[in-house]
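Enquirer: My questions will all concern the structure given below.
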Amino acid sequence: MVKEVEEKREVTIVFAGDSGDGIQLTGTQFTNTNALFGNDISTFPNYPAEIRAPQGTVAGVSGFQLKFGSVEVATPGDSCDVLVAMNAAAFKVNFPRLKKHGTVILNTDGFNARNLKLAGYEESPIEDHSLDDYRTIQIDVTKMTRTALVDSGMGKKEIDRSRNMFVLGFLYYMYNRDLRGTEEFIKQKFAGKKDLIDANIRVLKAGYHFGDTSETFTSRYNVKAAQLKAGEYRSIMGNQATALGLIAASQKSGLDLFYGSYPITPASDILHELAKHKNFGVKTFQAEDEIAAICSIIGASFGGKLGVTASSGPGIALKGEAMGLGMILELPMVVINVQRGGPSTGLPTKTEQADLLQAVYGRNGEAPMPVIAAKSPSDCFQAAYEACQIAIEHMTPVILLSDGYIANGSEPWNFPHPKDLKKIKPKMASGDATYLPYKRDENLVRDWAIPGQKGKEHRIGGLEKEDETGNVSYDPENHEKMVKIRAEKINKIADSLPAAAIDHGKEKGDVLVIGWGSTFGVIKTAVNQCCDEGISVGHVHLRHIHPMPHNLAELIKNFKHVIIPEMNSGQLSKLIREKFLVNAEGINKIQGVPFSTQEIVDAIKNRRL
Amino acid sequence: MVKEVEEKREVTIVFAGDSGDGIQLTGTQFTNTNALFGNDISTFPNYPAEIRAPQGTVAGVSGFQLKFGSVEVATPGDSCDVLVAMNAAAFKVNFPRLKKHGTVILNTDGFNARNLKLAGYEESPIEDHSLDDYRTIQIDVTKMTRTALVDSGMGKKEIDRSRNMFVLGFLYYMYNRDLRGTEEFIKQKFAGKKDLIDANIRVLKAGYHFGDTSETFTSRYNVKAAQLKAGEYRSIMGNQATALGLIAASQKSGLDLFYGSYPITPASDILHELAKHKNFGVKTFQAEDEIAAICSIIGASFGGKLGVTASSGPGIALKGEAMGLGMILELPMVVINVQRGGPSTGLPTKTEQADLLQAVYGRNGEAPMPVIAAKSPSDCFQAAYEACQIAIEHMTPVILLSDGYIANGSEPWNFPHPKDLKKIKPKMASGDATYLPYKRDENLVRDWAIPGQKGKEHRIGGLEKEDETGNVSYDPENHEKMVKIRAEKINKIADSLPAAAIDHGKEKGDVLVIGWGSTFGVIKTAVNQCCDEGISVGHVHLRHIHPMPHNLAELIKNFKHVIIPEMNSGQLSKLIREKFLVNAEGINKIQGVPFSTQEIVDAIKNRRL
Amino acid sequence: MPLKTGGFSMSTETAEEVTLKPKDFATDQDVRWCPGCGDYSILKQVQSIMPSLGKDKEDIVFISGIGCSSRFPYYMDTYGMHSIHGRATAIASGLKISRPELSVWIITGDGDSLSIGGNHLIHMMRRNFDVNVLLFNNEIYGLTKGQYSPTSPEGKITKSTPIGSIDHPFNPLKLCMGADSTFIARTMDRDPKHQREILLRGSQHVGTSMIEIYQNCNVFNDGAFEVYTNKQTKEDETLYLEQGKPLIFGKEKDQGIKLDGSNPTVVSLSDVSEDELWVHDEHDKFKAQLLTTFFDNPADENHLPRPFGVFYSEDRFRYEEAAQAQTEEATEKKGKGDLEVLLRGKNVWKVGD
Amino acid sequence: MPLKTGGFSMSTETAEEVTLKPKDFATDQDVRWCPGCGDYSILKQVQSIMPSLGKDKEDIVFISGIGCSSRFPYYMDTYGMHSIHGRATAIASGLKISRPELSVWIITGDGDSLSIGGNHLIHMMRRNFDVNVLLFNNEIYGLTKGQYSPTSPEGKITKSTPIGSIDHPFNPLKLCMGADSTFIARTMDRDPKHQREILLRGSQHVGTSMIEIYQNCNVFNDGAFEVYTNKQTKEDETLYLEQGKPLIFGKEKDQGIKLDGSNPTVVSLSDVSEDELWVHDEHDKFKAQLLTTFFDNPADENHLPRPFGVFYSEDRFRYEEAAQAQTEEATEKKGKGDLEVLLRGKNVWKVGD
Ligand SMILES: Cc1ncc(C[n+]2csc(CCOP(=O)(O)OP(=O)(O)O)c2C)c(N)n1
Ligand SMILES: Cc1ncc(C[n+]2csc(CCOP(=O)(O)OP(=O)(O)O)c2C)c(N)n1
Ligand code: SF4
Ligand code: SF4
Ligand SMILES: [Mg+2]
Ligand SMILES: [Mg+2]
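Okay, structure coming up:
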């Protein structure tokens, strides 16, 4: 039967089900297919905190939100147009997200008495009219899948595992997308297991045809390709992008990458990704703890390698002492903090930006280190690359901040060609002049001599050192001199940084919104929206938090008000207030979940009045 | 022969010699005797960095500076009136400190060719006229001592060990002090070893009589007793005062003191002192590292004890993660940082104030903790007591900042009577109502139920907790609520703090000097001096750095300029600038040694213009 | 509701009162482990032996680090702390020194105790606090979703070792023996009866009881201990230790262990008579050391079976008792501390009047 | 001046060039230990065996933690790092993995390696990097002026234990054995010849060489090892291990060690013939384990003598070699990594043109 096709600029879908339902995979497949089709896209996976919480319970719900569109998409969306709920608990958790008159696709089999009880429903939301204002599509996905595979000779349990493919196929029909990408994926995933390949593809198609044949609904949707900057794209997740950025920096600097790390959510995936690329000369070391991890990279860096470690809140706290050593040794290394909800163990699977001041100040003594932050999943590549570049060219440990939101989120990436990446020049000591480990160039950067270099044998350590020679020195004036030199060296990095600029909106006016890290997308969306409404607002995004770009003060002067949205209690706010003595106001959300565009828009409007 | 006696208001003396010369003991004895006599006094020991650096070298010089007077003495003095140098190296290191026309007492035996060479002298400073403008008293102390003990039957080596007693006796004569105190001390120290007692006392007296009989100089000095606040006094060192403050808090709160710590300079002496007082129910635990140390006090605190740990820079860095746990658990404990020169291992035997921002911000996530700082050796008692009181009554870990300067310095202490110490009331859970671990009182403080309390069994941990019940909660709103409650709880402590006040100088005017920690004495002296010169300057000392007293803003408003002297690159400055948006300027000295009064005076005058 | 703190009084005082059932130790929190996780069995056995401690619930404390296993305290209706990764041992040390009368249980995983927590673990062994350490060994990092751990075998493929682990694994009991542990035992999740027996023995030992429990992580490391549990292989691969009994194992109980010199060797009882066999003596530190080295890969040719039971137990002074003794000694010598005297010190002078 | 990095080439390449003398390894820094400190002797012996490594100075690295002993690298004219307390082992691990061809030496104290650094030490043992660990054991914290350490005997009076230590001390070699160390040896500062011999053996062992060196701290713990060094007692209290030789000791070489079953006992050679004695075999892991337990207090009745020499040596794969092999294997399989291909990934789409 013929169905009308409705155009949409952008659509937000939430897939939700039990952590056993393969929700993440379904979401990722739908993402890749739309990405390949050419939509701009942004995703936000939402795992349960427990490895495998009790099935069917609210605690066990796994969700995957994505927004795709023919227009620019910078966030996974505040609320969704379509909710796919595999069971009652999944519905309960995500229903609040659904827009009025939105569409909800229900797996009726997931709403039986037991499911309802587990989800804590007295009465089924399907019967109790809570769905009256919504478009509801009820499908017994389990039954459908089983019928599709009735003659497959597979067991129920096995069969049910492919239910997600039915839903996926159904959505492909609904948004009229091509099945081939996913078919390819299935073939790779189950390579060798022909029966599984056939089964999954069959169910996928069954879902597609079900959409075609069923009476369930009368219209399909079409989301045209987006007008992205011309070029080649791929979809990428934040942690993966970070890993690639490190490998790229290793290749372009000619320094082997040594990655020493101890697993912790949400940073572990960087280790998992890097471990796959040993053929790039990458060595990964799962240390016994975070202290050993950072110490191992200090050793590798002393040996002339690019040492990198990553962790999250609690693990970063443990690295403080060793960071101080790396800093006073003035060896290049990168410490990545994929931030999560704190304090203490806090909310390991949730996102937050509350480790900023720890990054800037959390060491004993005067121990300044550059701090730079990634702003989106794909930007993790660039941020990681820059972090390595600064570390190597300025001979210093660098802190790179990411967070759970961008680490697990994904988006299309107009990946660079290696030859277009900036060169990275290690400051290797050369020549036969006697080597003074702490003799410096015009940027106050010392030369790097490594074991194996004849005649450059030297000893360095954590005690204060005499200028130039690096010999232990307790001389008072020398100490002050060295403290100032080390600070000045870091400040000088700003000379080589691009000037800060208004990313979006007005160059001068009422409200300046300053952001850093993963709030970039939502601030951008909000500021653009406000501008469309004629509000005079500008957006500056700070990639470099220490040192800050020289010209930030000028930009700030052009606005009446400064507001700073952060997923913390106002940490960048403190830095801006102290530095520029401006009454910057924090817009703070400390809920382990990202801002909604509306929240930022409202904040801007309130300020404006 | 009769000699005239000259009156002096205050005198600064530096004892200097090889680390084997018993300089610290000599200084301490001279201090105690003058203290007992009734002078106000302030001391500053200056150890060599090495355990035992090569004898006779500059690196091996041990110094002890003290200032005593008939007037108030708040610092050990910028420069000295008298320099006692046991050898050439000691002279070389300390000569720059000597006031023009000052007196230098030399042990000629310490200026032989070998000594001069070790000290790096071409020619002897005694011959080369560098002493022309000074009053020089040359004594062959070694020879004198040996003659004094010629018939003692002791070996040379043994005899020479008592040379410091000769010098001490000589100075007692010079300042016309009583020998009895030191004789007592000798008897205790060598109890049982009669020959040693006799020998030392004999040399002491020999020194005294030498002053009397010799022609070396014609005048003696008299420093009258000071007009200290009426009461009973004793002399005390900072770390010792800290230990007593902890014991006092334990006694007054009825909570046994559990002290878990790992040795580190300059904090170890607190452990050594506490270990002597087990009869106060104190338990000391030398843990395997700083992490185990703080974790052990978390366990003790969970068990209902007063848990305290101490360390210095690098060790504090290691405690960051566990502090976060203590903070989210909301258990009472005190973490003491006796600051030393940083970063990293830095200058272990030197003093600094560069761990302030680490104390305030150095943890992952939003993890606020009260930060309070001691201002002088004897004040360490009060500061430690207050730290415990806040921890216990507000159920939170508290950071107490001290530093190497006050930790090893000493001064007269008008010690309190136990009954005059504030009560400390633990928030023990009681009653039979079901216990909710995170239910709070009007100060947002929770009740403390400890193992052994029937019916109050409960589990707490590092994950975010549901309000009141403390059950693990991933709820977004709850997280934000809890983060805010924990912050508000700490801020509320300010309600119970004394208002900030002008400690010295003008209530309003040109320059406000804000200080914290061990710079108190020198700022006070400088401000008083400026006031005497008619400069309009005031001094506010901040004991509580987080939270700050409510009324600080008002005080600041009354001055044109705010300057903040710190032994760091400007850390309190950052906090004040951010909080009050005032253009506070840092006066920063990062040399591992305290400010001189002159440096502060100059800073004030520069500002004023 | 008497607040009991300090002193050793209560354990006895309460002994008679106790009439607790295992279920009294369950909490209202729903248990959040994967269906089929070995942790469930351990929880059940621990709860089942609790009443036999002769302690009131309020005198028992469970302290854990971080990991799936470390969720344990939330499910025990006693005092408890779910602390930070690797530090449960250090926290328990401080608690035990200051509250010697409490029954303290440490719950830890192979990563928690042997990776990040290795140092505190070995120091706890040498100090010999009277506490119980339950090491849930699943040879994997469960909570972080499947990286190898210090007990994972060489070559293990995991998320962090896609082409196999190159870490030579720890032998946890051998390590603890090296750290002078006074009680060393091994049991497994799949053998509830033996588990209860060993847990009881551990609870009775006065000193640090180190109990390694093989625990199956059916999600990230399923079947790690299969050979010791499945019908076909278990009798041949496991060696159950019983005090005073010869080391005999095998389906037909037809194999034994003999010591020639210091080398343990497997012998067939058809060639060797029982009385030539190694007789288990848990008080023999030399034999116990050798026993901990029974750690062969079951895949190897003529390998030794894996021992289960109590390897070693020794009576050595407990740190917390010695600490308590010093307090009492000091108090006897100097008398109970008098704050006024302490603050006055020895050299006091008066100013004014 | 060729920059040599990666690969295993140079050790051989340079072997012949080497014509270094011990004094070539001294630096211009004046040595800052107390007069009479045992560290001087160790510095001297280490410098004296350096030439025999067959390595150029630039291919040797000394890494230390913090402590008196850890000042060591400043006095060796090689590459070196004086790092932070307890972490030298961890730092060396990263260096060795990334630069397998270097000769890496770790200098550490008993506090540095066994107190704060205990975890990294045992993990280094199991991973078996080809490095040398010199543990300067003076049974005290020297640099911090005399607190007890994890090797101080029970009852030790120190600044932090005014009425005696109540920590049961570690037996460092037993601990390392428990951590599956592949080379374990003991020597002492006062026996330069034996020290050189053991240092040489350690340097030749391919794997982690754990060498405990008894070192006298004459300022804070003078005479700790007196019985093993003074004329009167040393022959009766020390047992020098020699491969293939029976365990004999005593002034008159008239005492020996016999194993009955697994129990080592002192016997007089007048009652027992030499060939009944325990013959030292450093490759016997069982015997080595027993040897590490020879740790009695010399004050005790019929105690065992203290062994010196190589207790154990085993050839086991080195972590850094396995890591290198995986890199090569991966490169063979997938070919040398191509950054462009990596960045493109598998699913690329074009936008615009
Ligand atoms: C300081 C710190 N580092 C790392 C982590 C992440 N983490 C949590 S549990 C864990 C290991 C879990 O393995 P195991 O101890 O064996 O417990 P299991 O989950 O297997 O029961 C890790 C690495 C953390 N929470 N804190
Ligand atoms: C993190 C940290 N904790 C503590 C210290 C203080 N500290 C320096 S060396 C040392 C122990 C020294 O003993 P040992 O390792 O035996 O070396 P030794 O001086 O005896 O040679 C300690 C506790 C430190 N520098 N850093
Ligand atoms: S992940 Fe493994 S250990 Fe953790 S709960 Fe699941 S089955 Fe148990
Ligand atoms: S304190 Fe002891 S170990 Fe340190 S240098 Fe002096 S003698 Fe040597
Ligand atoms: Mg595990
Ligand atoms: Mg030592």
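Chains as they are written, first to last, in numbering that gives the first Met the number 0: chain P, 0 to 608; chain A, 0 to 608; chain W, 0 to 352; chain X, 0 to 352.
Where a beta carbon is used, it is the ideal one built from N, C-alpha and C, also for glycine.
(1) What number of angstroms, rounded off, separates the C-alpha of Trp32 (chain W) from the C-alpha of Gly66 (chain W)?
(2) The beta strand (DSSP E) that contains Phe61 (chain W), what's its start and end?
(3) Less than 8 angstroms between the C-beta atoms of Leu130 (chain P) and Ala88 (chain P), yes or no?
(4) Based on Cα-Cα distance, which residue from X:Glu225, X:Gly249 and X:Leu240 lies nearest to Glu234 (chain X)?
(5) Give me the chain A residues within the contact set of Asn45 (chain P), using Cβ-Cβ distance strictly less than 8 angstroms, ordered along the chain.
(6) Out of curiosity, what's the CA-to-CA distance linking Thr291 (chain X) and Leu120 (chain X)?
(7) Skipping 5 residues on each side, what residues in its chain have a beta carbon closer than 8 angstroms to that of Pro152 (chain X)?
(8) If contacts are defined as beta-carbon pairs under 8 angstroms, then Val370 (chain P) and Ile335 (chain P) qualify, I think. What distance do you get, rounded to the angstrom?
(9) Name the chain P residues whose beta carbon is nearer than 7 angstroms to that of Ser159 (chain W)?
(10) Using the beta-carbon of each residue, which ones in chain A are nearer than 8 angstroms to Asn346 (chain W)?
(11) How is Leu435 (chain A) classed by DSSP in three states: helix, strand or coil?
(12) Would you say the beta carbon of Tyr232 (chain A) is closer than 7 angstroms to some non-hydrogen atom of ligand 6?
(13) Report the neighbours of Asp29 (chain X) on chain A: residues whose CB is nearer than 7 angstroms to its CB, in chain order.
(14) What's the call for Asn407 (chain A), buried or exposed, on a 16-neighbour Cβ count within 10 Å?
(15) Can you tell me the Cβ-Cβ gap for Asn221 (chain A) and Glu5 (chain A), rounded? I've got them flagged as a contact below 8 angstroms.
(16) Between the Cα of Asp679 (chain A) and those of P:Asp354, P:Arg362 and P:Thr348, spot the shortest distance and give me the residue it belongs to.
(17) Please check if any C-beta of chain W sits within less than 8 angstroms of the C-beta of Leu341 (chain X).
(18) How about Tyr434 (chain P): is its Cβ closer than 7 angstroms to a heavy atom in ligand 1?
(19) What residue does the alpha helix (DSSP H) around Met368 (chain A) start on, and which one ends it?
(20) Grouping DSSP H, G and I as helix and E and B as strand, with all else coil, what is His545 (chain A)?
(21) Going by beta-carbon coordinates alone, are Asp76 (chain W) and Phe24 (chain W) separated by less than 8 angstroms?
(22) Measure from the C-beta of Thr344 (chain P) to each C-beta in chain W and report whether the shortest distance is under 8 angstroms.
(23) Buried or exposed for Glu553 (chain A), please, with buried defined as at least 16 other CB atoms from any protein chain shown within 10 angstroms of its CB.
(24) Taking the C-alpha atoms as reference points, what is the distance between Gln239 (chain P) and Phe301 (chain A)?
(25) Going along chain X, which residues have a C-beta under 9 angstroms from Pro313 (chain A)?
(26) Output the residue ranges of the alpha helix (DSSP H) runs that lie fully inside the segment 267-351 of chain A and measure 4 residues or longer, sorted by chain position.
(27) Let me check you understand the geometry: is the CB of Asp188 (chain W) closer than 7 angstroms to at least one non-hydrogen atom of ligand 1?
Expert: According to the structure data:
(1) 11 angstroms
(2) Ile59 to Ser63
(3) Contact annotation: Leu130 (chain P) and Ala88 (chain P) have beta-carbon atoms that are not nearer than 8 angstroms.
(4) X:Gly249
(5) The contacting residues do not exist; Asn45 (chain P) stays about 11 angstroms from chain A at best.
(6) 17 angstroms
(7) Taken in chain order, the residues that qualify are Glu138, Ser164, Pro168 and Asn296.
(8) Going by Cβ atoms, the distance from Val370 (chain P) to Ile335 (chain P) rounds to 11 angstroms, so no, they are not a contact pair.
(9) Pro262, Leu270, His271, Ala274 and Gln285
(10) Asn31, Ala34, Leu35, Gly180, Arg233 and Ser234
(11) coil
(12) The closest heavy atom of ligand 6 lies 7 angstroms or more from the beta carbon of Tyr232 (chain A).
(13) Pro53
(14) Asn407 (chain A) counts as buried, since at least 16 other C-beta atoms from the protein chains shown sit within 10 angstroms of its C-beta.
(15) 7 angstroms
(16) Outside the modelled stretch of chain A, which goes from 0 to 608, sits residue 679 (chain A), for which no answer is possible.
(17) no
(18) no
(19) Careful: Met368 (chain A) lies outside any alpha helix (DSSP H) and carries neither H nor E.
(20) strand
(21) yes
(22) yes
(23) Classification for Glu553 (chain A): exposed.
(24) 41 angstroms
(25) Going along chain X in sequence order, the residues near Pro313 (chain A) (Cβ under 9 angstroms) are Ile65, Ile83 and His84.
(26) 267-274, 289-301 and 312-328
(27) Judged by the Cβ position, Asp188 (chain W) fails to qualify as a neighbour of ligand 1 at the 7 angstroms threshold, every heavy atom of the ligand being at least this far.
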